[in-house]
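K.L.:
Submitted below is the structure of interest, expressed as structure tokens.
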Amino acid sequence: MGKRPSIVFDDGDLGALFKAPTDISFVGTLETAKIKGRNRKKWLLVNVQDKDMFQSQLLNRDLWSLADVRDVLDRHFVFWQIFRDNLEGEHFVKFYKFTEFPCICIIDPNTGELVKQWGFMSHNEFMKEMHDFTLHYRFESGARRKSFDFYGMSRAEMFKTDMAPVLEPEPARSPSPPSSPEPESDPEPESDPEPAPTMPEVPEDVQPGTVHVTFRLPNGARHTGVFQQDGGCSELYRWLEIYARIEHHNVWTAFPRVLVTEDEDTSVKSVVGGGARAMLIVAERE
């Protein structure tokens, strides 16, 4: 019986077998990828690769090269493959706190919010997850059927947590011993706290020269205001003081995390980019 011949791949064969999907991957930064997602009303699907891990190569060979996978990406997503060791990848990994690679995630291009996250997936696992995602999530000007904040808490959970002190009944109080009557005096008029001004309505359509900025407050709440792109960043802080009653806080960009200075000479557009919508993070000053 003759010896079974072995198959030998040369470098060219291996390169073709595990070739990165450069023909379908977006080329640019996270911000420009989000802009493309907003313009095309598609989610951003990100694959963070580690060149030293063989599973990253398997994703190229067994997932991103398949026709049905590419069809899903083309219909629903802007696909962006990055590497954890380049500058953009390092910022991305640090901001979203990824620790295991390769990883696959879905980002909301309107807010930069991490919506879904997975590790290595087989073809069947990927197709099932994408089917479930497209069934339960709908891209509609950034709206979704289910809503998550940055920390994975649903709006209902946020409401329950924030309202717990209000909803809990007050503990029964023991009767106090009678006290001797005090001489009557004219009661001092109580001053009612000044009510917060009503937040201006935000139109559904973004007008030219303006940007809709959503602020995420320390308690998880979100408020959206309309700003002139050429206006100064001091307007952002002034809006928070008037309508959200937020003082002595800093404002940060979502990604990469950069402090927004309270400066009239720095334009809003230079901070949030040229998109129609942006997310800023409000945090207490240390």
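Residue numbers (this note's numbering): 50 to 335.
No residue lacks a Cβ here, since even glycine has one placed at the ideal position from N, Cα and C.
None of the values given here were measured: they were computed from a predicted structure.
#1: Could you pull the start and end residues of the alpha helix (DSSP H) that V300 belongs to?
#2: Can you list, in chain order, the stretches of the alpha helix (DSSP H) that have 4 or more residues and sit fully within the stretch 89-166?
#3: At which residues does the beta strand (DSSP E) containing V262 begin and terminate?
#4: Going straight from the alpha carbon of H297 to that of R119, what length do you get?
#5: So what does DSSP say about G86, is it helix, strand or coil?
#6: For the structure I just gave you, are there three or more beta carbon pairs, one from the stretch 69-80 and one from the stretch 107-126, closer than 8 Å?
#7: Using 8 Å as the Cβ pair cut-off and three pairs as the minimum, do the stretch 305-322 and the stretch 257-267 touch?
#8: For E333, which of helix, strand or coil comes out of DSSP?
#9: Which residue or residues does DSSP assign as beta-bridge partners of S341?
#10: From A293 to S171, what distance separates their C-alpha atoms?
#11: Between G161 and K83, how many whole angstroms is the CB-CB distance? I'm expecting something under 8 Å.
#12: Note the first and the last residue of the continuous alpha helix (DSSP H) segment covering F67.
#13: Enumerate in chain order the residues of its own chain whose CB-to-CB distance from H125 is below 7 Å, with the five nearest sequence positions on each side excluded.
#14: What are the start and end residues of the alpha helix (DSSP H) that includes F178?
#15: Please report the Cβ distance between I291 and P246, rounded to the nearest whole angstrom; I am assuming they are in contact, meaning their Cβ atoms lie under 8 Å.
#16: Just to confirm, is the Cβ distance from V331 to L266 under 7 Å?
#17: Excluding the 5 residues preceding and the 5 following M328 in the sequence, name in chain order all residues of the same chain whose CB lies nearer than 6 Å to its CB.
#18: Classify W167: buried if its beta carbon has 16 or more other beta carbons within 10 angstroms, exposed otherwise.
#19: How would you call N135, buried or exposed, if buried means at least 16 neighbouring beta carbons within 10 angstroms?
#20: For V307, which residues from the same chain have a beta carbon less than 7 Å from its beta carbon, with the 5 sequence-adjacent residues on both sides left out?
#21: Check whether the Cβ of F175 lies closer than 6 Å to any heavy atom of the ligand MN, and answer yes or no.
P.N.:
Straight from the coordinates:
#1: Per DSSP, V300 belongs to no alpha helix (DSSP H); it is in the beta strand (DSSP E), H298 to T302.
#2: 103-111, 116-125 and 136-145
#3: T259 to R265
#4: Those two C-alpha atoms are separated by around 48 Å.
#5: The answer is helix: DSSP assigns G86 an H, G or I state.
#6: Three or more beta-carbon pairs separated by less than 8 Å link the stretch 69-80 to the stretch 107-126, which places the two stretches in contact.
#7: With the cut-off at 8 Å, the stretch 305-322 and the stretch 257-267 touch.
#8: In the structure shown, E333 sits in a strand (DSSP, three-state: E or B).
#9: Within the shown structure, residues of the chain are numbered from 50 to 335, placing residue 341 beyond reach of any answer.
#10: 46 Å
#11: Right, their Cβ atoms sit about 7 Å apart.
#12: Element bounds for F67: n/a, residue is neither H nor E.
#13: Answer for H125: K91, W92 and T183, listed in chain order.
#14: Checking the sequence, you will find Glu at residue 178 rather than Phe. Run containing E178: H172 to H185, per the alpha helix (DSSP H) assignment.
#15: 6 Å
#16: yes
#17: T160, G161, T263 and A303
#18: With fewer than 16 Cβ atoms within 10 Å of its Cβ, W167 is classed as exposed.
#19: exposed
#20: W301.
#21: Within the structure as shown, the ligand MN is missing, as the structure has no ligands at all.
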